[in-house]
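Chains as they are written, first to last, in my numbering: chain A, 1 to 113; chain B, 1001 to 1109. Every residue gets a Cβ at the ideal spot worked out from N, C-alpha and C, and that includes glycine. Working notes for the structure below.
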Amino acid sequence: DTEVTQTPKHLVMGMTNKKSLKCEQHMGHRAMYWYKQKAKKPPELMFVYSYEKLSINESVPSRFSPECPNSSLLNLHLHALQPEDSALYLCASSQDREVGAQYFGPGTRLLVL
Amino acid sequence: RKEVEQDPGPFNVPEGATVAFNCTYSNSASQSFFWYRQDCRKEPKLLMSVYSSGNEDGRFTAQLNRASQYISLLIRDSKLSDSATYLCVVMTGGFKTIFGAGTRLFVKA
Chain A
1 DTEVTQTPKH LVMGMTNKKS LKCEQHMGHR AMYWYKQKAK KPPELMFVYS YEKLSINESV
61 PSRFSPECPN SSLLNLHLHA LQPEDSALYL CASSQDREVG AQYFGPGTRL LVL
Chain B
1001 RKEVEQDPGP FNVPEGATVA FNCTYSNSAS QSFFWYRQDC RKEPKLLMSV YSSGNEDGRF
1061 TAQLNRASQY ISLLIRDSKL SDSATYLCVV MTGGFKTIFG AGTRLFVKA
């Protein structure tokens, strides 16, 4: 069983909606990641938080807004998305080493209509 | 040139076969290397870390060649359950993470 949980599992939203994806890890890790994965493509890094501070923002459009309330939780706020943003959104965590192995949650499958 | 390159396959092998995947990376400052396995519509799962000395976990062996900038994964005695996409991952420091495109493996009875 994964120790990284994500909710919801599936999400359908319109282009004017505001929604949030949630991630929680139970391993005491201090780094958390958001990835986007399109069908038949590898995951692409979006954001990294280390010790609750944003370490990486890979030039992601502002309609995606990450938030790290504490070391166990990571949110991704969504607003005014486009149909091309439909994808699997994966959360991962790792220990505080900047090159440590990452452990993934099951993902949220997002469809933007 | 992509930062991390993998042969996308697919590799179609019979049960019991030995199969090897390679992955090349362009940044010589890369620090950590991993192999992940991803089943259809599932999340990537860590298979193993890759070290210069080579490491083995049961039927799986991983190698790192820093001089030639590639990593490899060898699967011996393939099982039907090994069918999946295998992703190599390279980290260059500062949490920067790059996935290879993935290699699809089909193991047939």
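Relative to the C-alpha of residue i, which residue among the options is closest?
i	options	result
residue 49/A	38/A, 41/A, 58/A and 33/A	33/A
residue 1104/B	1068/B, 1088/B and 1098/B	1088/B
residue 68/A	93/A, 88/A and 61/A	93/A
residue 35/A	83/A, 98/A and 76/A	76/A
residue 1016/B	1086/B, 1093/B, 1097/B and 1074/B	1074/B
residue 99/A	1031/B, 1023/B and 1024/B	1031/B
residue 1025/B	1059/B, 1094/B and 1001/B	1001/B
residue 54/A	66/A, 45/A and 44/A	66/A
Give the DSSP bridge partners of residue i, in chain order.
i	result
residue 68/A	Its beta-bridge partners do not exist; DSSP assigns none.
residue 111/A	12/A
residue 1063/B	1072/B
residue 1093/B	1096/B
residue 1057/B	1060/B
residue 99/A	DSSP lists no partner for residue 99/A.
residue 1107/B	1013/B
residue 19/A	78/A
residue 36/A	44/A and 89/A
residue 1045/B	1037/B
Would residue i be called buried (16 or more neighbouring beta carbons within 10 Å of its own) or exposed?
i	result
residue 1109/B	exposed
residue 27/A	exposed
residue 1036/B	buried
residue 37/A	buried
residue 1043/B	buried
residue 1091/B	buried
residue 29/A	buried
residue 31/A	buried
Alpha carbon to alpha carbon, how far is residue j from residue i? Give it in angstroms, no decimals.
i	j	result
residue 1006/B	residue 1101/B	6 Å
residue 1012/B	residue 1040/B	16 Å
residue 1052/B	residue 60/A	34 Å
residue 1066/B	residue 97/A	21 Å
residue 1046/B	residue 1099/B	12 Å
residue 89/A	residue 19/A	13 Å
residue 1022/B	residue 1076/B	15 Å
residue 1050/B	residue 5/A	26 Å
residue 1079/B	residue 15/A	44 Å
residue 11/A	residue 1062/B	37 Å
residue 24/A	residue 1014/B	40 Å
residue 83/A	residue 112/A	5 Å
residue 9/A	residue 64/A	18 Å
Please report the residue range of the beta strand (DSSP E) in which residue i lies.
i	result
residue 1020/B	1019-1025
residue 87/A	87-94
residue 55/A	53-57
residue 1014/B	1011-1014
residue 1051/B	Neither: residue 1051/B is in no beta strand (DSSP E) and is coded neither H nor E.
residue 1004/B	1004-1006
residue 1031/B	It is not in any beta strand (DSSP E) - residue 1031/B carries neither H nor E in the DSSP assignment.
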